[in-house]
Structure formats: structure tokens, C-alpha cells
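Note that the protein sequences, when read in sequence, are chains W and B.
Position 98 (the first sequence) corresponds to 98 in this note's numbering; numbering is contiguous.
Position 38 (the second sequence) corresponds to 1038 in this note's numbering; numbering is contiguous.
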Amino acid sequence: MMPWFKRHPVSEADLSAYIDGQLANVRQAQVSAHLESCDACAAYVADLRSLKALVATLPQEQPARSFTLTPAQASQRPTPRRSFPAGLALAPAMALALFVALVGIDLLAVDGGGRGGVPEALTAKYADQGAAAERSSAPAPAASGAEAGGLAPQVPTVVPGLTGPADSAAPEQGKAVENGGPVASNGRATEEAVLRALEGLAALAFVGSLAYIILRKRHPSDFRR
Amino acid sequence: MDSEGTTLRLARAGDLTAFNELVRAHQGLVYGLCLRMLGQRAAAEDATQVTFLTAWQNVARLRGDRFRPWVLRIAASVCMDEFRRRGRRPVASLDASLEAGMPDPPDPSPSPESASLGSELRGRIEAALLALPAEQRLAVVLCDVQGLDYQEAARAMRTSLGTVKSRLSRARARLREVLLREPELLPGRLRPGSGGDET
């Protein structure tokens, strides 16, 4: 509607402030000089002045009643605005930190965990447990060897992937050592699933708490009692 | 210290009678702002009452002796909260507002000022005002209706001078555009091709 403003050295806002006398002296003089040579801006300024005068003539409606306060009203305690809980303000940061930590663990697991993305720390833990179990079951092999296959299949379930190579089930157990054993695989899968779920929850908590804070800041009245 | 300063000092000290003097002196101003912002008398009365109650509850913390911009700031804030509470955008459809005009009927006993302004034109201006975005409307009401300068308006709106300037400019441009759609209602100066003689 007003393409001429784009070609003019004076903005629409300057012309509006000009009629209110709210420009700095130098700028006021510049606009004034421009108006002498520009019919379009002069006409616009005249329109704005007329408009301002019209709006100013709108009647100032008087209230139908008085708003003076009675002693009862004056004794009302201020409506408590729900103060912003400090914990809530920290929630997004805490959720983000948790998310980053979980992702970090996940990445470390992929980079350094070797098989199946399980961290070395976890495999070392299983190794320690396995070694302890092996020591505690050391007297048994003679008996277990005598009873042949009766007890042998149970060994991997007790000490996943860490049965001795001299055991009667050696070939299968060697394979189990390579793969971490069926129970260890299940354990790793569970660990990964838990990790993913925690990451998801942390991300959800971050987004949710951030959205809540933004909404509360933008629409404070919606959160009042 | 002037009379209002003394009254304000007493009100700060908890003197309800003194505070009510301030209320009587400013209630027309505050109610006018609320009415122009909200467009409904009942809502404007509620907002005015809330404004003065809030002012009373916080007057002890008021620094300086400028009650007017402070109470207008509270009123503006109450009006903006009311918009949000209603859960609707303050920017109404322009055409709907123009068709509807002011929700409340005009005052049965118009003032001489009101009578001098054609009622149709007045309705047009009021409808155009109501169709403005809330922030722009607040700028027009404070500066052009209430007569505040940019500094006072900036304080009331809790914003900068530059923002007041740009909001007011956009609001006036929009009002002008709307009013020029029906030039036959306008006084000669605003009519297209009238030559734009300055007054």
C-alpha cells in the first residue's frame, strides 16, 4: 500500500513520532525538511495528525461505580502467585545432564565395549564374578566329571562364558566364551534396553520441563490458583 | 512535596483513606484504559477493581512519587492477563470486529465530545481499535487516548521507547488503512484526495 516508504529516507515510524514531537532535535529537523519536498510524506503526516485527533476525541467513558476499597477488601491478603519452584527451574538442566551422561555411557560402550556394545567395565565385572564362581566350584570337577553330562550343562548358566577349557563341554563352552554366553547376551540386551529407555525418559523430561516453563512464563495467569 | 505526593506517602504507610483518594483521582483513567483494551464494561470494571486492589497490596513497595504511570502499568498488565485468561488471541478478526462494533451499546447520554463525533464514525474507530493486536492497541490507548508521552507509555508497557514508537506507528498505519476503507464517514482531512492539509 505504501511502497513509497521504501524509497524514502524517512520511515513510517519516524513520521509517526514526528507528529508527536518525540524525535531527537536533529532528526525532527531532517524530517521537517523532507516534508517540504515530499508530497506523499506530507500527506501521510497530515493523515496521521487527523487520525490522532479523531482518536483523541473518543469520549472518556466514566465508570458507573466507584472503585474505592472497603476495609474488608483492603484487608484481603494478596493472592499468592505460585512462586516458581527452584527445583522446576533446574529440571531441564538436570534432565539434559542426565541425557548427556546416558548418551556418553552409550557411546563409550560402542567405542570401548567391544562385543555387543557392552562396556569393558561390565565385562570385567562378569569376568570377576566368573572367576570367583570358578574358584568356589573348584573341588567339584572330579565329581562332576564322574557324573558326566548331568551337571555339565548347568555350568554356563552359573558362570556365563567362563567355564574352564578342560571341562567336558569344552567346544560348546569355547563358543560360549566368544559370544559371551546366552545369559550374558540376554544381560547385555537388557542393559541396552534399560539404557535406551533411560535416555528416552531423560529426553522426554528435558522437553517436557522446558515446555512447561516456557508456557508458564508466557501465560502466567493460566497457572494461578 | 505536592498534594498527591503527600497522599501517596500516607497510602504507603497503610492509610486506606489516603489510598482511596488516589483511587478517586485515577479511577476514570484506569477504567478508560481497561474499557478500551477489553471492549466490555463489565470486564473493564472487574479489571479496574483488580488493578486498585493490586495497587493497594503493593503500594508500600512503590518507589518515587509517580502513582499514575505505576497504576497504569498494573492496569495494562491486568488487561493482558485477562486476554490470556480468556484463552483467545487478542487480535480479533478485523471484519468481524467492524461488523460487531463495540460489544456494549453506546452511552445513552453522550457527551458533547461524543456527539460531535458521528456515532457511526466513533463505532468505526472503536471497532478498528479493538481489532488491533493488544500491544499496538495499548500503545494507541496510552498515547493517543490517555495522552501519555512515549516515556510514560514505555514505563506503563514495560518496554523501550523504540518499541513504543514502532508499535504506535504500526497501529496508526493500520487504523488509517481501516478508516480509509469507508472514506465517506471521515472528516475531509483523512479522505483520499483531500490534499492532506495539516492542522
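Glycine included, C-beta positions come from ideal geometry on N, C-alpha and C.
Exposed or buried, which one is residue i when buried takes at least 16 other CB atoms within 10 Å?
i, result
"B/Thr1006", "exposed"
"W/Gly208", "exposed"
"W/Ile226", "This structure leaves residue 226 of chain W out entirely; chain W is present only between 1 and 225."
"W/Val194", "exposed"
"W/Asp47", "buried"
"W/Val100", "exposed"
"W/Ser75", "exposed"
"W/Leu204", "exposed"
"B/Leu1033", "buried"
"B/Leu1008", "buried"
"B/Asp1211", "The structure shown does not extend to residue 1211 of chain B, since chain B is modelled only from 1001 through 1199, so no value can be given for it."
"B/Ala1063", "It should be noted that the sequence gives Arg, not Ala, for residue 1063 of chain B. B/Arg1063 is exposed by the Cβ-count criterion."
"B/Glu1152", "buried"
"B/Asn1058", "exposed"
"B/Arg1167", "buried"
"W/Leu69", "buried"
"B/Gly1039", "buried"
"W/Lys217", "exposed"
"W/Asn25", "exposed"
"B/Thr1051", "buried"
"B/Ala1127", "buried"
"W/Gln62", "exposed"
"W/Leu88", "exposed"
"B/Ser1160", "exposed"
"W/Ser16", "buried"
"W/Ala97", "exposed"
"B/Asn1020", "buried"
"B/Ala1154", "buried"
"W/Ser37", "exposed"
"W/Ala93", "exposed"
"B/Arg1176", "buried"
What residue does the alpha helix (DSSP H) around residue i start on, and which one ends it?
i, result
"B/Glu1126", "1119–1130"
"B/Phe1067", "1067–1086"
"B/Leu1035", "1016–1038"
"W/His34", "25–37"
"W/Ala64", "No alpha helix (DSSP H) holds W/Ala64; DSSP gives it neither H nor E."
"B/Ala1008", "The question names Ala, but residue 1008 of chain B in the sequence shown is Leu. Looking at the DSSP string, the run of the alpha helix (DSSP H) that includes B/Leu1008 is 1003–1012."
"B/Asp1046", "1041–1058"
"W/Val10", "Unbroken run through W/Val10: none, as it is neither H nor E."
"W/Pro71", "71–74"
"B/Thr1163", "1161–1179"
"B/Gln1151", "1150–1157"
"B/Val1232", "Lying outside 1001 to 1199, the shown extent of chain B, residue 1232 of chain B is not represented and no answer is given."
Identify which residue in the options has its Cα closest to the Cα of residue i.
i, options, result
"B/Leu1010", "B/Arg1061, B/Leu1179, B/Arg1176, B/Ala1131", "B/Arg1061"
"B/Gly1118", "W/Pro63, W/Leu54, W/Pro71", "W/Leu54"
"B/Gln1146", "B/Leu1029, B/Asn1020, B/Leu1038, B/Arg1170", "B/Leu1029"
"B/Thr1054", "B/Gly1162, B/Leu1038, B/Cys1079, B/Ala1173", "B/Cys1079"
"B/Ala1075", "B/Ala1128, B/Leu1138, B/Gly1064", "B/Leu1138"
"W/Ala189", "W/Pro59, W/Ala109, W/Arg27, W/Glu12", "W/Ala109"
"W/Glu191", "W/Ala211, W/Asn25, W/Ile105, W/Arg216", "W/Ile105"
"W/Arg65", "B/Gly1123, B/Arg1086, B/Arg1041, B/Trp1070", "B/Arg1041"
"W/Leu210", "W/Leu102, W/Ala95, W/Gly200, W/Ala197", "W/Ala95"
"W/Asp39", "W/Arg27, W/Glu199, W/His8, W/Gln28", "W/His8"
"W/Ala13", "B/Val1178, B/Arg1176, B/Leu1180, B/Arg1172", "B/Arg1172"
"B/Leu1035", "B/Thr1048, B/Ala1025, B/His1026, B/Val1023", "B/Thr1048"
"B/Ser1120", "B/Glu1045, B/Glu1182, B/Asp1065", "A small correction: the amino acid at residue 1120 of chain B is Glu; Ser does not occupy that position in the sequence shown. Nearest of B/Glu1045, B/Glu1182, B/Asp1065 to B/Glu1120, Cα basis: B/Glu1182."
"B/Arg1068", "B/Ile1125, B/Leu1180, B/Glu1004", "B/Glu1004"
"W/Glu199", "W/Ser11, W/Val103, W/Leu35", "W/Val103"
"B/Arg1270", "B/Arg1073, B/Arg1012, B/Ala1043, B/Val1140", "This structure cannot settle anything about residue 1270 of chain B, because the visible part of chain B is limited to 1001 through 1199."
"B/Phe1083", "B/Met1037, B/Val1071, B/Trp1056", "B/Met1037"
"W/Pro59", "B/Thr1017, B/Asp1065, B/Tyr1031", "B/Tyr1031"
Under 7 Å: does the beta carbon of residue i sit that close to some heavy atom of the ligand SAM?
i, result
"B/Ala1044", "The ligand SAM is not part of the structure shown, which contains no ligands of any sort."
Taking only beta carbons into account, state which residues of the region 1039–1066 of chain B come closer than 7 Å to chain W, listed in chain order.
Glu1045, Thr1048, Gln1049, Phe1052, Leu1053, Trp1056, Gln1057
What residues in the region 1144–1157 of chain B bring their beta carbon closer than 8 Å to a beta carbon of chain W?
Asp1144, Val1145, Gly1147, Asp1149, Tyr1150
Give, in chain order, every residue of the region 1130–1142 of chain B whose Cβ lies closer than 8 Å to some Cβ of chain W.
Val1140
Along the region 56–70 of chain W, where does the CB come closer than 8 Å to a CB of chain B? Name the residues.
Ala56, Thr57, Leu58, Pro59, Gln60, Glu61, Gln62, Pro63, Ala64, Arg65, Ser66, Phe67, Thr68, Leu69
Listed from N- to C-terminal order along the chain, which residues in the region 1118–1129 of chain B have their beta-carbon within a distance smaller than 8 Å of any beta-carbon of chain W?
Leu1121, Arg1122, Ile1125, Glu1126, Leu1129
Interfacial residues, the region 1004–1027 of chain B to chain W, with Cβ spacing under 8 Å
Leu1016, Phe1019, Asn1020, Val1023, Arg1024, Gln1027
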